[in-house]
Each structure stands twice: as structure tokens, then as C-alpha cells.
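Worksheet: the structure to be examined is printed underneath.
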């Protein structure tokens, strides 16, 4: 039986001392094996010899829950389910769903910060980028509403560093449209 090849072209070495650090598509990575209950891929950099999980640098790093379960919970939230309803549907505690949501929000914040400050993209360029990325997954207006709801477009500023905390300043958590901070 021929050995199966796993695509590693969209990964990069996470070792900051590696000459290939952050370089995608340099063909320096190989799929070494799978590990854990969910068969997560372990990758190896041929340049520096470091091995790392495919989940490094993602909201899924260190989670024991299967990726699809977390994604299903996030879909529920995006579709308007509350934390309690989502927790019941998925079969986990409400605090677990909240932690997944916070992990993803921090990741989105980091991506937006990189796009705005490191790549010096304007808000319009970021909007176009996210629209392009999401274009094939549904109608443009529906995706724009979803991205805006998550604060992904970079058009809003949230007073607290945690976008899930009390952004209205009245001690309560609100659902629905976010207010633009001026």
C-alpha cells in the first residue's frame, strides 16, 4: 500500500529561530505522525528539526474537544443561539462555550491587529479581504453581517480588551447588534 501524502503547504515553522519561520510553501515541513484521541497531525520542520502540532497558533491549541464540536458551537452562536442554548445543543457546560468563544475572539483580535498594524491595511482593505475570503461560502450580505457581528471587519473599537465583556457599561451582557464606539 502506498504511503498517503498529507498537505502541509499552508503551515509554517513556528520556531522564531528557524530560517524558515513564518514562510509558507517552502516545502520544509513534513507530516511526521498523528497523536492524541482526535488524531491531530504532528508536523516537523526539516530546516530546524522542530516538531509541532497542526493546531499551534490557533484557537484549537490545547483543547481536548474535537475541532468539529467547537466549530458547531460557534455556528450556533453565529446563528443567534445564546450561550445556554448552545451549551445544551452541544452537550457541554455554558462556561466551556464561553471559553471557546473567548479563545476565538482573541484570535480574531490578533488577526485584525496584524492586518491593521503590521501590514498597514486600511479598514476598507480589510473589509475587502474578509469579503473575498468568505465570498464562496454564502451570500455576500449574510457573510458581511456575520463578520460584522464578530467584529472581524475592523470597523469597530471595543472599550474593554475582551470583546465579550460588558461593552455597554451597564453591567449586563447584550445580544444583537453592537454599538459603534465613537
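Numbering (the working numbering), first residue to last: 157 to 338.
All residues carry an ideal CB built from backbone N, CA and C; glycine is no exception.
Neighbourhood of residue 269 by C-beta, 6 Å cutoff - its chain only, sequence neighbours within 5 removed: On the chain shown, residue 269 is found 113 positions in, with the first residue counted as 1. Leaving aside the five residues that flank residue 269 on each side, none in its chain has a CB nearer than 6 Å to its CB.
Contacts around residue 226, its chain only, beta-carbon distance under 7 Å, and the 5 residues preceding and following it disregarded: Walking along the chain shown from the start, residue 226 turns up at place 70. Excluding sequence neighbours, residue 226 sits near 216, 219, 256.
Buried or exposed by the 16-neighbour rule on C-beta atoms within 10 Å, applied to residue 164: Numbered from 1 along the chain shown, position 8 holds the residue referred to as residue 164. It is buried - the Cβ of residue 164 has at least 16 other Cβ atoms within 10 Å.
Whether residue 221 touches residue 169 by CB criterion (9 Å): On the chain shown, position 65 is the one that residue 221 refers to. On the chain shown, position 13 is the one that residue 169 refers to. The criterion of a C-beta distance shorter than 9 Å is not satisfied by residue 221 and residue 169.
Residue 176 versus residue 260: straight-line alpha-carbon distance, rounded: Locating residue 176 in the chain shown gives position 20, counting from the first residue. Locating residue 260 in the chain shown gives position 104, counting from the first residue. Per the coordinates, the alpha-carbon of residue 176 lies some 27 Å from the alpha-carbon of residue 260.
Sequence-distant residues of the same chain with beta carbon closer than 8 Å to residue 285, five excluded per side: Position 129 of the chain shown holds residue 285. Around residue 285, the same chain offers 271, 277 as residues with beta carbons nearer than 8 Å, after the five sequence neighbours per side are excluded.
3 or more residues per run - each beta strand (DSSP E) lying fully within the stretch 185–216: DSSP runs (the beta strand (DSSP E)) wholly in the stretch 185–216: 185–191, 196–201, 207–209.
Pair within 9 Å by beta-carbon distance, residue 167 and residue 198: Sequence index remark: in the chain shown, residue 167 carries index 11 (1-based). Sequence index remark: in the chain shown, residue 198 carries index 42 (1-based). Contact annotation: residue 167 and residue 198 have beta-carbon atoms that are not nearer than 9 Å.
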